[in-house]
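Participant: Handing you this structure, nothing more for now.
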Amino acid sequence: MANSNHVKKWVTLAIILSIFTLTFLILKPIIMPIIFGLLFAYIFGPVYKRIKAIVKNENLAATLLVLSLTALVAVPVIYLVPVIVNQAFETYVMIQNLNLTEILGNIIESDAVSTLAINIDSIIGAMFTTFLTQFKDMLVNLPTLIFQFAVFLFTFFFATRDAEKLQKYISSLSPFPKATEERFLKEFRGITNAIIFGQVFIGIIQGLALGAGLFFLGVPKVLVLTFIAMIVSMIPVLGSWLVWLPTSIFLLMTGQAFAGIFLILYGGLFVSSIDNLLRPYILSKRSTLPIALSLIGTIGGLFYFGIIGLVLGPLIIAYTLIIIEFYRQGKLKDLFSK
C-alpha cells in the first residue's frame with residue numbers, strides 16, 4: 238500500500254511537470270509580447286486611471302488607451318521605418334565614399350592613421366550589415382510580428398483593465414510574509430521606474446532633442462541620426478555625444494563653421510544635460526540605478542534579446558540582485574524554512 242501511494246505521488250508529480258512543460262512550450266513564442274503587455278500596463282496605469290475617471294467605464298477606458306497606443310506605434314512604423322532604412326543606406330554609401338585616411342590625417346598626425354581608418358570603416362560596415370539583417374528578418378517574419386503585436390495588445394488591454402484583480406491574485410500566490418511582500422513590491426517598483434523612466438524615457442527625450450537640433454541646422458539623414466541618438470542615449474556611459482560630436486566635427490571639416498560650433502554647444506550644454514534636468518522630477522533619489530548595473534544589464538540584454546534588451550536586460554539583473562539582497566538580509570528565511 239505504501240509503495241502504491243509512493244507511485245501515485247510520482248505519477249501525479251510527472252503529470253504536473255508535463256502540464257507545466259507543455260504550457261511553457263505553448264507560451265514560449267509569445268512570452269515577450271506578454272511580458273511587454275504587462276510592463277506597459279504598469280507604465281500606463283496612471284493614464285488609464287485618468288481616462289477611466291472621465292469616461293466612467295473600464296472597458297471603454299482600456300480600449301481608448303490601447304487604440305491610442307496602437308496609433309502612436311503604427312504611424313511611425315508605417316511612415317518612418319522605410320525612410321530610416323533608405324537614409325541609413327544613403328549614409329553608408331556616403332561614408333564609404335569619404336576618404337577617411339585623409340580626413341583623419343588632418344586631425345591626427347600618426348603613421349597609424351590608415352589602420353585606424355580601416356578599422357572605423359569595418360566597424361561602420363558591420364553595424365550597417367547588422368541593421369540591414371535585422372530589417373530583413375523583420376520583413377520575413379512580418380506575419381509573426383503582427384500576431385505577436387496582437388498578443389501584446391490583448392495582454393495590455395486585460396492587464397490594464399484588471400490590474401487590481403491581477404495584483405490581488407498574484408498576492409494570494411505569494412509565499413512571502415506580508416511585510417516582506419510589501420517591501421519586495423516597493424523595491425521592484427522603484428527599480429522598474431528607474432529603468433523605464435530614468436533610462437529609457439530620458440534616452441528617448443535626449444534623442445528627440447538632438448534630432449530637433451539637427452533638423453534646425455539642416456543636417457542630412459536626420460531620422461537615422463535621431464534613431465541612433467535615442468539608442469545610445471539609453472545606454473549608460475554612452476550617450477548622445479556619440480552622434481552630435483562626430484556630426485559637429487564633420488560640419489566643421491566641410492566648412493560649416495556656424496552649424497558645427499552651434500551643434501557642439503547645443504549638444505554639450507543642453508542635450509547632454511537633459512538627464513540631470515529631468516531625473517529629479519521623474520525619479521526619487523532612492524530609485525536611482527547604479528551605472529555599472531545599468532551598463533551590464535543593458536549591454537547583456539542587447540546581445541541576448543536584441544533592441545528590446547535595452548529594457549529587459551537591466552530589469553532582469555536588477556530584479557535578481559533584489560532577490561539576492563533580500564536573501565542576504567534574511568528576509569527570505571521564512572520562505573526557505575517551510
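Residue numbers (our numbering): 238 to 575.
Note that the Cβ used here is the ideal one computed from N, Cα and C, for glycine as well.
If we ignore side chains and look at the alpha-carbon of each, how far apart do Pro319 and Gln385 end up?
Facilitator: By 1-based counting over the sequence shown, the position of residue 319 is 82. By 1-based counting over the sequence shown, the position of residue 385 is 148. If I take the Cα positions, the gap works out to 21 Å.
Participant: Assign Arg523 to buried or exposed, taking buried as 16 or more other Cβ atoms, counted over all protein chains shown, within 10 Å of its Cβ.
Facilitator: Taking the first residue of the sequence shown as 1, we reach residue 523 at position 286. Any reading at Arg523 must be qualified, since the residue scores a pLDDT of 46, below 50, and its modelled position is unreliable; no value is offered.
Participant: In chain order, which alpha helix (DSSP H) runs of at least 4 residues are fully inside the region 527–568?
Facilitator: 528–542 and 546–565
Participant: Is Val388 closer than 8 Å to Leu447 when the C-beta atoms are compared?
Facilitator: Translated into the one-based positions of the sequence shown, residue 447 becomes position 210. Translated into the one-based positions of the sequence shown, residue 388 becomes position 151. No, these two residues do not count as a Cβ contact at 8 Å.
Participant: Given that a residue counts as buried once 16 or more other Cβ atoms are within 10 Å of its Cβ, and exposed if not, what is Trp247?
Facilitator: As a first step, residue 247 must be located in the sequence shown, where it is residue number 10. Under this definition Trp247 is an exposed residue.
Participant: Using the C-alpha atoms, what's the distance from Gly546 back to Phe438?
Facilitator: The residue given as residue 438 occupies position 201 in the sequence shown. The residue given as residue 546 occupies position 309 in the sequence shown. Distance between the alpha carbons of Phe438 and Gly546 is about 15 Å.
Participant: Scan the region 463–496 and note each continuous alpha helix (DSSP H) run of 4 residues or more that stays entirely inside, going in chain order.
Facilitator: 478–490
Participant: Inspect the beta-carbon positions of Thr429 and Phe281 and report whether they are closer than 8 Å.
Facilitator: Position 192 of the sequence shown holds residue 429. Position 44 of the sequence shown holds residue 281. Against a cut-off of 8 Å, the Cβ pair of Phe281 and Thr429 comes out as no contact.
Participant: For a test of the three-state rule: what should DSSP assign to Asn294, helix, strand or coil?
Facilitator: Position 57 of the sequence shown holds residue 294. Asn294 falls in the coil class under three-state DSSP.
Participant: When you compare the region 475–484 with the region 442–459, are there three or more beta-carbon pairs, one atom per stretch, that lie closer than 8 Å?
Facilitator: yes
Participant: Assign Lys575 to one of two classes, buried (16 or more other C-beta atoms within 10 Å of its C-beta) or exposed (fewer than that).
Facilitator: Counting from 1 along the sequence shown, the entry for residue 575 is found at position 338. In this predicted model, Lys575 has a pLDDT of only 49, less than 50, meaning its place in the structure is not dependable; the value taken from the coordinates is given anyway. With fewer than 16 Cβ atoms within 10 Å of its Cβ, Lys575 is classed as exposed.
Participant: Can you grab the Cα-Cα spacing for the pair Ile271 / Thr535, in whole Å?
Facilitator: Position 34 of the sequence shown holds residue 271. Position 298 of the sequence shown holds residue 535. Answer to the nearest angstrom: the Cα atoms are 20 Å apart.
Participant: Can you name, in chain order, every residue of its own chain whose Cβ lies under 6 Å from the Cβ of Thr532, other than the five neighbours on each side?
Facilitator: For this step, residue 532 is matched to residue 295 along the sequence shown. At residue 532 the sequence reads Leu, which differs from the Thr that was named. Closer than 6 Å at Cβ, skipping near neighbours: Pro473 and Val474.
Participant: Measuring alpha carbon to alpha carbon, tell me which of Val312, Val284, Lys423 and Val310 ends up nearest Ala299.
Facilitator: Within the sequence shown, numbered from 1, the residue matching residue 299 stands at position 62. It is Val284.
Participant: For the alpha helix (DSSP H) holding Tyr279, just list the boundary residues, first then last.
Facilitator: Working through the sequence shown from its first residue, we reach residue 279 at position 42. From DSSP, the alpha helix (DSSP H) with Tyr279 extends over Ile268 to Ile280.
Participant: Since Ile500 contacts Leu488 with CB under 8 Å, what's their CB separation in whole angstroms?
Facilitator: Against the sequence shown, residue 500 aligns to sequence position 263. Against the sequence shown, residue 488 aligns to sequence position 251. First, the amino acid is wrong: residue 500 is Leu here, not Ile. Contact between Leu500 and Leu488 holds, with the beta-carbon distance rounding to 6 Å and staying under 8 Å.
Participant: What's the C-alpha gap between Gly505 and Ser470?
Facilitator: Reading the sequence shown from its first residue, position 268 is the one you call residue 505. Reading the sequence shown from its first residue, position 233 is the one you call residue 470. The straight-line gap from Cα to Cα measures roughly 13 Å.
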